[in-house]
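A.B. asks: Input: one structure, supplied below.
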Amino acid sequence: MADTAAVEVLADVHRGVGRILLNRPTALNALTTDMIAAIDRALTAWEGTPLSAVVFASTNTKAFCAGGDIRTVREHSLAGNAEASERFFATEYRLNARIAEYPVPVVSLIDGLCMGGGLGLSVHGSFRVVTENAVLAMPETGIGFFPDVGSSYFLPRLPGAIGMYLGLTGHRLDAADALYTGLATHFVPGDKLDLVGDTLSDNPGDPVDVVLNRLADPSPVADSRLAKARGDVDWAFGAPTLGEIEKRLHHLDTPWAADTLDTLQAASPQSLKITHALLARGRQYTLRECLNIELALTRTIIRTPDFLEGVRAALVDKDRAPAWKVSAT
644 MADTAAVEVL ADVHRGVGRI LLNRPTALNA LTTDMIAAID RALTAWEGTP
694 LSAVVFASTN TKAFCAGGDI RTVREHSLAG NAEASERFFA TEYRLNARIA
744 EYPVPVVSLI DGLCMGGGLG LSVHGSFRVV TENAVLAMPE TGIGFFPDVG
794 SSYFLPRLPG AIGMYLGLTG HRLDAADALY TGLATHFVPG DKLDLVGDTL
844 SDNPGDPVDV VLNRLADPSP VADSRLAKAR GDVDWAFGAP TLGEIEKRLH
894 HLDTPWAADT LDTLQAASPQ SLKITHALLA RGRQYTLREC LNIELALTRT
944 IIRTPDFLEG VRAALVDKDR APAWKVSAT
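What follows is the structure, encoded as structure tokens:
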């Protein structure tokens with residue numbers, strides 16, 4: 644393990660529970676290739692160990708994981724280093740599949756931001772615990788990319804047209820929304836989150852779900868704003884084409900629809916097209932098939948002007964004013 648990765652990913656086994664702590668606070672735990680490889684090595688080493696669960700968590704409350712280190716991917720693209728980018732995405736997607744197939748339950752403790760690659764770490768596991776500080780999103784269309792890490796598998800499998808809505812708009816979910824969609828499974832207040840690992844260790848014979856329910860507070864799902872907009876979401880984003888989605892949003896003529904149109908119009912047209920096509924077909928593929936399709940797409944997308952410009956505007960210059968190069972037609 645590289646020295647940096649050893650510091651940024653802390654892994655050990657404590658009384659029958661594997662623990663992986665993300666520890667790159669200055670970058671909101673944005674995943675590097677070395678970090679992903681370190682997590683993968685830990686999970687591989689533990690496969691022959693009698694564990695009751697594996698817990699993913701963060702050492703800081705601002706973020707579980709804000710995503711992959713996409714700024715570095717942009718640097719690789721500008722430098723013509725396709726091999727480094729290929730290694731990053733291939734390593735990340737291999738880890739996503741490993742988590743989905745892991746022989747013991749994987750529990751992610753989401754306190755703060757969980758975006759992009761953070762969802763790749765968590766959503767493929769058995770349980771996703773959120774706190775009142777949780778914010779979940781796949782915001783890739785706003786940076787000239789597309790929802791990856793298996794999003795083309797899990798977003799289309801959300802109820803109704805919620806997955807298409809989340810993938811195209813990058814809408815941010817709070818704890819109530821995350822529980823409503825099923826992206827989260829349990830609600831535990833932030834001040835009790837540190838108890839999860841020890842409680843699992845103390846009750847090795849109990850099902851993980853039962854242990855988490857003992858710690859959980861009443862679900863805030865009744866406060867879900869997304870639930871209140873569900874009818875409009877399903878009608879608008881259940882349309883067969885991007886153009887029809889926009890037409891239906893215009894027809895609704897509500898504040899939610901107007902805000903959603905503004906979001907779509909600010910996103911990369913290239914990203915919207917790719918995302919819509921991916922999510923429209925995702926239900927017919929397995930997770931591994933979706934990850935393979937996504938990996939093939941990355942090889943092209945990370946070289947496009949929209950990707951380079953989108954990451955520049957969001958993460959490099961941070962002016963939030965991308966000049967998209969690809970026509971919407």
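Letter by letter, the sequence shown follows residues 644 to 972 of the working numbering. Built from N, CA and C at the ideal position, the CB exists for glycine as well. The structure presented is a predicted model; accordingly, all values stated were derived computationally and were not measured.
#1: Considering only the beta carbon of each residue, do A819 and V864 sit closer than 8 Å?
#2: Could you tell me which residues DSSP pairs with G661 in its beta bridges?
#3: Please name the residue or residues paired with S751 in a DSSP beta bridge.
#4: Under 8 Å, do C933 and G793 count as touching if we go by C-beta distance?
#5: According to the Cβ coordinates, are I945 and S720 closer than 8 Å?
#6: Please classify E952 as buried or exposed, where buried requires at least 16 other C-beta atoms within 10 Å of its C-beta.
#7: Ends of the alpha helix (DSSP H) at L779?
#8: With distances taken between CB atoms, is the gap from V716 to V772 smaller than 8 Å?
#9: Go through the stretch 911-951 residue by residue and report every complete run of the alpha helix (DSSP H) that reaches 4 residues or more, in order.
#10: Throw me the rounded Cβ distance for the A859 and V831 pair, which I believe falls under 8 Å.
#11: Assign H657 to buried or exposed, taking buried as 16 or more other Cβ atoms, counted over all protein chains shown, within 10 Å of its Cβ.
#12: When the Cα of T647 is compared with those of N666, D655, V660, which residue comes out closest?
#13: Taking all protein chains shown into account, do 16 or more other C-beta atoms lie within 10 angstroms of the C-beta of H919, making it buried, or fewer, making it exposed?
#14: For M758, list the residues DSSP reports as bridge partners.
#15: Hey, how far is the Cα of L801 from the Cα of L762?
C.D. replies: With the given structure in hand:
#1: By one-based count along the sequence shown, residue 819 stands at place 176. By one-based count along the sequence shown, residue 864 stands at place 221. Closer than 8 Å, so yes.
#2: Position 18 of the sequence shown holds residue 661. Per DSSP, V656, V697.
#3: As a first step, residue 751 is located in the sequence shown; it is residue number 108 there, counting from the start. F699, R771, per the DSSP bridge assignment.
#4: Sequence index remark: in the sequence shown, residue 933 carries index 290 (1-based). Sequence index remark: in the sequence shown, residue 793 carries index 150 (1-based). It is a contact, given that the beta carbons lie within the stated cut-off.
#5: Taking the sequence shown and counting its residues from 1, one reaches residue 945 at position 302. Taking the sequence shown and counting its residues from 1, one reaches residue 720 at position 77. Yes, Cβ-Cβ distance for I945 and S720 is below 8 Å.
#6: Residue 952 sits at position 309 when you count from the first residue of the sequence shown. Per the 10 Å Cβ criterion, buried.
#7: Along the sequence shown, read from residue 1 onward, the residue named residue 779 stands at position 136. No alpha helix (DSSP H) contains L779, which is instead part of the beta strand (DSSP E) from 778-780.
#8: Locating residue 716 in the sequence shown gives position 73, where the first residue counts as 1. Locating residue 772 in the sequence shown gives position 129, where the first residue counts as 1. No, the pair does not count as a contact, with Cβ atoms beyond the cut-off.
#9: 912-924, 930-944
#10: In the sequence shown, counting from the first residue as 1, residue 859 sits at position 216. In the sequence shown, counting from the first residue as 1, residue 831 sits at position 188. With a Cβ gap of about 5 Å, A859 and V831 count as contacting.
#11: By one-based count along the sequence shown, residue 657 stands at place 14. With fewer than 16 Cβ atoms within 10 Å of its Cβ, H657 is classed as exposed.
#12: In the sequence shown, counting from the first residue as 1, residue 647 sits at position 4. Of the candidates N666, D655, V660, the one whose C-alpha sits nearest the C-alpha of T647 is N666.
#13: Stepping through the sequence shown from its first residue, residue 919 is reached at position 276. Buried.
#14: One-based indexing of the sequence shown puts residue 758 at position 115. Per DSSP, A780.
#15: Mapped onto the sequence shown, residue 801 falls at position 158. Mapped onto the sequence shown, residue 762 falls at position 119. Each residue's Cα considered, the two are about 14 Å apart.
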